[in-house]
Every structure is written in structure tokens, then in C-alpha cells.
Amino acid sequence: MSEWLVLAVAMALVCALVLACTALRHRRVAEDEDTSETPDVIEYMTMMVGVVYAIVLGLAIAGVWEARGAAEDSVRREAQSLYEVTQRADVYPTPVRDRIRGEVDAYVSHTVAVDWPLLTSGQGASSQGAELLGKLRTDVTHQSPANELQAQAYQPLLDHIAAADDARHSRMQADESTLPSVVWFGLLVGGVVTVGLIFTLQIRRSGRELLLAGLFSALIVFLLFMVWSFDAPYGRDGIDSAGPFQDLFPKVALAATAQR
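Numbers given in this note's numbering equal positions in the sequence shown, counted from 1, plus 15.
Here it is, written out as C-alpha cells:
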């Protein structure tokens, strides 16, 4: 099911629940109940709960956004480092250059076709990626420079492979949920309490009040959905987050996508 469809269904259900509860409360209210005033303490507590929940929700959004940005930066560094390896390998003889580029292509193909579906499904990356990158490092390390130009490119090649390996480890460590379970419990309970406080303000069935109640509850659902969506640094479906690999290695990424 699409994430947007999940959001639409959740917003519709919560709005319907709030409006239904409002209608039921209005039917059961006593005829002589005074709904013109609300005690000051209730208004004060409602305001404080809303402010505290807004702060917690804002911090949660900022945290998952920062984690997603760090994950995307790791992917960019990994793809860019591998691309530099393919470009700097141009100083080697054709057989060596083609072998190095072929090993880079094999690693990119495995990352896009195998690792990314595992990352987006919440599983850890496979160990084969480390083996492919280790093979690339070994081949470059054992390739002795034959001239001055190759000698100048030798150490940068190793540095870029090391940078790609470091970025890969960062990518693997960032595939888990950013927020712990206790934070999610607080966000969900806080959302229910915040929406429930609507009924302490003696809401009636006027069109304006029902509209505001529906919009407020839909906003809470949307913000929680935003936190849930960003809490998966590489997304929850597809390989859109592998964009740097697709941009720098379009043919390899396209072929890997077709093999899935």
C-alpha cells in the first residue's frame, strides 16, 4: 500500500472519529448545561499540553530529518568515491583499467539490486558488498605503478576506496530507526491526549467548530506520518534514496534495477 494512501486513510479515520465523538457528546449533553464558558484552568492546561507536545513533536521531526540528511550524505560520499576510482584508473593499461572499472560496476550493481531492497525493508546489508569492495582494494593495492603518472594516481585510488568503505559502514549503521520505542509511545499517546483535549473545551456541532476540530486532528496525523516517514533514512520502499549511484553510474544502476 502506498504511503500516501496510508496517510489519507489515517487522516480520514481520525477526522471521522473526532467528528463522531463530537456528535455523540452533543446528543448526550444535558439540556441545561452551560456551554458558553470554559473554566480558566482547563484552558490553561489545554494550552500547556499543546505547547509541550508541539515542542516534543518538533524535536522528533528535527531528529529524523537530521538522521536522513546524514544517511544521504553517506550515500553521496560512497558513490562519489567509487566514481573517482573509475576516473583515476584511466592511467593504467587497458586490461587493468577495465578490471578495476568492472569491479566497481559489480559493487554498484550489487548495492542497488541487493543491498537497497534490504535497507528499505529494515534488514541489514549483505556481506557480499564488503567482499566485492575488499576485492577491489586488493587488486588496486597489488597493482604496482609502472610509471610516474601511475605512481601519482596510486595513493589517491586507495584513499578513495577507503573513503567508499567508510561511507559504506556509515550507510549500514544508519539503516535503523532513529527514534526509540519509548519516544514513539510518547508521540502516539501525546497525540491522542492532545486531540482528546478538544472535548474539554465544550465543543459544539457548529460548522466552524467541527471544521477546526477536523483540521486540527488531521494536522496531528500528518505530522506523525512525517516523523514515521523520515524515521526510515533510506525510505520504506523502492530505491529512490540510491539516487547518487543512479546519477554517477546510470547504465549499471539501470541494469541492476531491471534484474530485481
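No residue lacks a Cβ here, since even glycine has one placed at the ideal position from N, Cα and C.
Assign residue i to one of three DSSP states: helix, strand, or coil.
i    : result
F260 : helix
E191 : coil
A161 : coil
D252 : coil
S142 : coil
G137 : coil
S196 : helix
S96  : helix
S185 : helix
S17  : coil
Cα separation between residue i and residue j?
i    : j    : result
S142 : R112 : 25 angstroms
A257 : V90  : 7 angstroms
L239 : S196 : 14 angstroms
R103 : I70  : 49 angstroms
D88  : M60  : 42 angstroms
G206 : G78  : 18 angstroms
L230 : D246 : 24 angstroms
R251 : S17  : 10 angstroms
I176 : R152 : 7 angstroms
Q188 : N162 : 40 angstroms
E99  : S159 : 19 angstroms
H157 : L97  : 18 angstroms
V67  : D174 : 48 angstroms
G201 : I115 : 51 angstroms
D262 : A145 : 22 angstroms
C36  : L203 : 19 angstroms
S124 : A268 : 6 angstroms
F264 : G73  : 37 angstroms
G11  : V127 : Nothing can be reported for residue 11: it is not among the residues displayed for the chain, which extend from 16 to 275.
R186 : S136 : 14 angstroms
Which residue marks the beginning of the alpha helix (DSSP H) containing residue i, and which one marks its end?
i    : result
F240 : 222-245
I213 : Premise fails: I213 is in no alpha helix (DSSP H) and is neither H nor E.
D113 : 109-125
Let me see if you follow: with CB-CB separation under 8 angstroms, is residue i close to chain B or not?
i    : result
L234 : Looking for chain B here will not work: only one protein chain is present.
(request) Would you check if there are 3 or more beta carbon pairs closer than 8 angstroms linking the segment 200-211 to the segment 126-145? (result) no
(message) Count Cβ pairs between the segment 91-107 and the segment 173-186 that sit closer than 8 angstroms; are there 3 or more?
(response) yes
(message) With three or more C-beta pairs closer than 8 angstroms as the rule, is the segment 222-242 touching the segment 97-111?
(response) no
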